[in-house]
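First residue of the sequence shown: 3, per the numbering used here; consecutive thereafter. C-beta atoms are modelled at their ideal positions from N, C-alpha and C, and glycine is treated no differently. Quantities reported herein were computed from a predicted structural model and do not represent experimental measurements.
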Amino acid sequence: MSDSALLREILDAQLETVCRFRADGTILFVNRAYARTLEREPQDLTGRNLWDFVTGEDQEHVREMLRHLTPDQPELTIENRFEAANGTRWMLWRNHALEFDATGAWSVAQSTGIDITQRKELEEQLELLVGELNHRVKNTLMVVQAMAHQTFRGAESPERKVSTFTNRLSALSGAHDALSRTNWAGARLIEIVRQGLLICGPDDMRVDIAGPDVLMPAGATVSLVMVLHELATNAMKYGALSGLSGRVSVHWTAQQDGMIEIDWVESGGPEVIPPSRKGFGSRLLTEAVPRQLGGRVKLDYDSKGLRCQIAVPQDRMA
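Shown next as structure tokens:
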């Protein structure tokens, strides 16, 4: 058996689909697995155009991705729909540029693909389920909020306590919003901070937020949003944000000991007086972080402004 015949036999024995093509889409070679998806013989597809088999809505995306093939970066992976003989299928292609012209543009490439239709269908089902879960959770929070207003409505209703309760529900809803945008895969720390400080208003120039891009796991997101909400609420009632001249700085850093450290620093507000007893916010802060996140909290009631340092192990990050 000749080398070319042996190579052809090896390629035809592969379960993955293989297609070699020119930059204009002209097919130079396909193996038997590729041809089988179209219920054709391999030789029948030589000279055809691969764009005949890429779903129309995906073509511009695939073309744009293929433009990224360069001599320095000759490989990339693309997921797109493929018009097979038995209907539209989702394929994952590993593309490899083989030849380049004098300008550095690729002229010949080869794609090796596997069918991922089942995986895509499962992902769509999961997305629908998560969307339904998010919808139900938000509806439940709205019902609880409405019940609180109805229950405590009247001349003797503790309006301030109802407002505090509904604000906490809003913060909890914001945490779920942040998670729903990533299908509960986690949330970026900057988004967590923004949701926690939502009570301050999105355009409050007295609040300074900064830190590296860090992705938190879903389990930590809700706790941190609620903790930051309590700090923000306290700052607006008694601390730096209770007046126009105060400021709050929320900065976070990655430490060498493997911790992500969040520093809350207030300044320019009224003199800080340590509380005589622990309220809900203090208990949430000092108990939720160590117990739920495996971290630590350091509170400093400096007379010039409250300081709070929250440290969470980085191995709990996503």
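Leaving out five residues before and five after H70 in sequence, what residues of the same chain have Cβ atoms less than 8 angstroms from its Cβ?
L78
Can you name, in chain order, every residue of its own chain whose Cβ lies under 7 angstroms from the Cβ of L52, other than the five neighbours on each side?
C21, F23, G27, I29
Run through the DSSP bridge pairs and tell me what P315 is partnered with.
M261
Quick one: Cα of K163 to Cα of Q75, how far?
60 angstroms
Thinking C-alpha only, which one of E129, I12, F55, D54 is nearest R34?
I12
Tell me, to the nearest whole angstrom, how far the beta carbon of M261 is from that of V314; I am working on the premise that it is less than 8 angstroms.
7 angstroms
Report the three-state DSSP secondary structure of A157 (helix, strand or coil).
Because the pLDDT of A157 is 49, which lies under 50, any placement of that residue in the model is unreliable, and the question is left without a value.
How would you call I194, buried or exposed, if buried means at least 16 neighbouring beta carbons within 10 angstroms?
buried
Three-state secondary structure (DSSP) of F167
helix
Q197 versus G106: straight-line alpha-carbon distance, rounded:
47 angstroms
Rank V56, G221, S109, H253 by C-alpha distance to the C-alpha of A333 and give the top, closest one.
In the structure as shown, the chain starts at 3 and stops at 320, and residue 333 therefore has no counterpart that could be examined.
Secondary structure, alpha helix (DSSP H): runs of 4+ residues fully inside the stretch 181 to 262
191 to 198, 220 to 239
Are three or more beta carbon pairs between the stretch 132 to 147 and the stretch 170 to 179 nearer than 8 angstroms?
yes
With distances taken between CB atoms, is the gap from I201 to M238 smaller than 8 angstroms?
yes
6 angstroms CB neighbourhood of S305 in its chain, flanking five on each side removed
E273, V274
Return helix, strand or coil for H98, following the three-state DSSP convention.
strand
I'd like the list of long-range same chain contacts for A157, defined as Cβ closer than 8 angstroms, with 5 residues on each side in sequence excluded.
Per-residue confidence for A157 stands at a pLDDT of 49, beneath the threshold of 50, marking its modelled position as unreliable; the derived number appears in the next sentence. Excluding residues within five positions, none has a Cβ falling inside 8 angstroms.
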